[in-house]
């Protein structure tokens, strides 16, 4: 197992390096720079001054080497769109709302989805199953900005129970977290239902029933554990996906999170921030999949990693 | 008895302490850009923080009827040769930290802009015409040679390369920079709330950089004209998108909201007295590469000019959000000329004639073309995609040609335009200052487009320095006639923005001007200082 983890860590480092190269050179391959989007173009003299100020007058390989040397020392540079702080300071500031919303969204949505999926699987072809399946399908198919709008209209505009948007007071968190939670809820409901039905049809379940084990013991001790493998595979990447911010949910509810920076860093050619975001996502996904694999092996002793034993 | 008195006194004190807090008027308004770098208009215009300009007092600015009003300046005068303007500042103006606001702060603002790379530098060259500006920005002359001088604490002298009769209106974008702060902190004075000082009607209370929202408060130190009538102004750019702004407005979280097309009927029905329209001084037009086929043929360009049914366009797909454009100048803008506008008619027969004259009868043999427009939000985001599709269908029907559509990110689109990577674009432009030279300048001597038409350039240059306003307007009209005859561009529409405002808002700024328009934050200094709330 240790060897496996070490090998995966090396592959994380290689992935990180390759992604950094690809992102950096792709970013610079896109036409235009940070000062080329104005309605009236800046003169060459002004442009030269602005580019020199940001170090963009240097050859690309010099810029890349400098940037990555900084990254190795946890220095991601200064974002062009917020010159009074470092990229690290900006990310740690903006990440908190995204982490709160995304994290709580998954932590609330995933267990509810599992319960819903279980209820559907254990009551197959009943109204519970139909209800759960409909809810899961709607949660996955209706775009999140539509559900966000519906939540605002119902709970803020019509009923007046909650603020429409904004950030700060906990009551402002409720609607965006609900909007967030619908996605893991729907995903987990579908995964759980499908995995449990698959497990329930296995022969060992019939044997357990024949042995006279109670239905609750069969479900919670045996079926759920065997059904958990695909759920674990999905959980961490999904957590990363939501914890790094949702452009739509954050925009609809005016949450000052990370989501908007993914768009603005590309639009404004904010190279240091764009690189940092991409490297951060890459790193987190690598770690998430590494952890998933470890947990996957731990909960299923039949699976051996490293050398295919 | 004593106890009663004590309780009464305590209640009175508590009430007295509470009343000012309750009486505070706060307006929550949508902003524009969700990212901003410096709270300093003279450092960057395109990447400035939300309403950086509201913190400072310009030399002059415009009221709701677009009348130029002196602000920091008390008066101004022009020398006999027309080359030198003298601005006299009001005495008693101070920075919010108590330092006196002097002519040196205005001069320093432009000296720094000329030497450190200012993204709005073109303005002070083309519109301002300041002597030595071009040379200093290019680094071939010393900053001391600029035509700017602080004669004394209250007197600024500006020398221009040619007479600039409209220079006072150009100063509406001339804000001071606190030299004493820059000396101490450099440009970083404008990135932290604690170090930012103001000279205008508002002070900065907070700035949330994640979404570029700000809270401004009424300045206690500003003594100039147009003092704020509200205590606090919260500006949140995330409310700028109507899809977010209107629900927040309906829930009472915002005092006004811009509307998209789908929202207009709903809001009009619910708040018939709260609807406000603004003719943004902006124009969307088709721009050609005049040097490449097939648009190097004037007949082809004229065919396009006559093939646009602007009335149908603005009464159908762009209903409520745009009006027809027959000129590069929008209605109400100085120099707007009805005779010019009247020529932009929809005439399919004439369009067909020009196509035939160009060798493409009924569109036969005409190459497939692709029109490029840029991806953006705001009013352009609502107008341009729908308009592109309308034009695609119309050109097919009227001209018999196939026009594809391509949307590009802003930067790519601009590069495409400047480098002539395509031959036809939909180009939007919004005014920077209130003078015809602003719009005509974008086609002058290469300008924003690589158009070089000698007759046009001569007329625009002559108009620019002509001190007689009627003659200037006439010269500009002649210049636009050159554009029309050459079919250099095809004016399409002028955008209209629609907003719904709360019935709690009052004051002169909440009512329409003589043209029936309410500019809202497009005239920020006027609007936010003439707005009240019940």
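Protein chains in written order, with this note's numbering: chain A, 1 to 309; chain B, 310 to 843. Yeah, the Cβ is synthetic: ideal placement off N, Cα and C, and Gly gets one too.
If you drop the 5 nearest sequence neighbours on each side, which residues of the same chain put their C-beta closer than 7 Å to that of residue i?
i                      : result
residue 343 of chain B : 520, 521, 546, 547
residue 355 of chain B : 428
For the beta strand (DSSP E) holding residue i, just list the boundary residues, first then last.
i                      : result
residue 808 of chain B : 798 to 810
residue 713 of chain B : 712 to 717
residue 467 of chain B : 464 to 468
residue 460 of chain B : 457 to 461
Hey, is residue i's beta-carbon within less than 8 Å of any beta-carbon in chain A?
i                      : result
residue 596 of chain B : no
residue 331 of chain B : A caution first: residue 331 of chain B carries a pLDDT of 48, below 50, which makes its placement in the model too unreliable to give a value.
residue 802 of chain B : no
residue 431 of chain B : yes
residue 490 of chain B : no
residue 718 of chain B : yes
residue 791 of chain B : no
residue 344 of chain B : yes
residue 500 of chain B : yes
residue 426 of chain B : yes
residue 526 of chain B : no
residue 562 of chain B : yes
Residue i lies in the alpha helix (DSSP H); which residues open and close that run?
i                      : result
residue 848 of chain B : Because chain B spans 310 through 843 in this model, residue 848 of chain B falls outside it and cannot be assessed.
residue 69 of chain A  : 60 to 72
residue 110 of chain A : 87 to 122
residue 192 of chain A : 174 to 200
residue 784 of chain B : 778 to 795
residue 48 of chain A  : 44 to 53
residue 420 of chain B : 412 to 425
Please list, in chain order, all residues of the same chain as residue i whose beta carbon is under 8 Å from its beta carbon, the five residues on each side excluded.
i                      : result
residue 148 of chain A : 175, 176, 179, 248, 249, 252, 253
residue 374 of chain B : 822, 823
residue 717 of chain B : 681, 682, 683, 684, 725
Report yes if the C-beta distance between residue i and residue j is below 8 Å; otherwise report no.
i                      : j                      : result
residue 684 of chain B : residue 711 of chain B : no
residue 595 of chain B : residue 465 of chain B : no
residue 113 of chain A : residue 184 of chain A : yes
residue 810 of chain B : residue 631 of chain B : no
residue 588 of chain B : residue 641 of chain B : yes
residue 598 of chain B : residue 335 of chain B : no
residue 818 of chain B : residue 835 of chain B : yes
Verify the CB distance criterion: does residue i have a CB-CB separation below 8 Å to chain B?
i                      : result
residue 203 of chain A : no
residue 35 of chain A  : yes
residue 163 of chain A : yes
residue 166 of chain A : yes
residue 308 of chain A : With a pLDDT of only 43 at residue 308 of chain A, under the threshold of 50, the placement of this residue in the model should not be trusted; the figure read from the coordinates follows. No, residue 308 of chain A does not count as interfacial toward chain B.
residue 278 of chain A : no
residue 81 of chain A  : yes
residue 264 of chain A : yes
residue 268 of chain A : yes
residue 42 of chain A  : yes
residue 273 of chain A : no
residue 105 of chain A : no
residue 29 of chain A  : no
residue 84 of chain A  : yes
residue 196 of chain A : no
Is it right to say residue i is buried, meaning 16 or more other beta carbons lie within 10 angstroms of its own, or is it exposed?
i                      : result
residue 512 of chain B : buried
residue 146 of chain A : exposed
residue 143 of chain A : exposed
residue 682 of chain B : buried
residue 628 of chain B : exposed
residue 371 of chain B : buried
residue 331 of chain B : Note that residue 331 of chain B has pLDDT 48, beneath the 50 cutoff, so the model's placement of it is unreliable and the number below is only indicative. Residue 331 of chain B comes out exposed.
residue 172 of chain A : buried
residue 747 of chain B : buried
residue 696 of chain B : buried
residue 492 of chain B : exposed
How would you list, in chain order, the residues of chain E whose beta-carbon sits under 7 Å from the beta-carbon of residue i?
i                      : result
residue 152 of chain A : This model lacks chain E altogether, as its protein chains are A and B.
For residue i, I'd like the list of residues in its chain whose CB is within less than 6 Å of its CB, leaving aside the five on either flank, ordered along the chain.
i                      : result
residue 445 of chain B : 423, 452, 455
residue 152 of chain A : 164
residue 337 of chain B : 543, 563, 564
residue 259 of chain A : 245, 246, 247, 250
Using a threshold of 7 Å, is the CB atom of residue i nearer than that to any non-hydrogen atom of the ligand HEM?
i                      : result
residue 366 of chain B : Questions concerning the ligand HEM fall outside what the structure shown contains, since it holds no ligand whatsoever.
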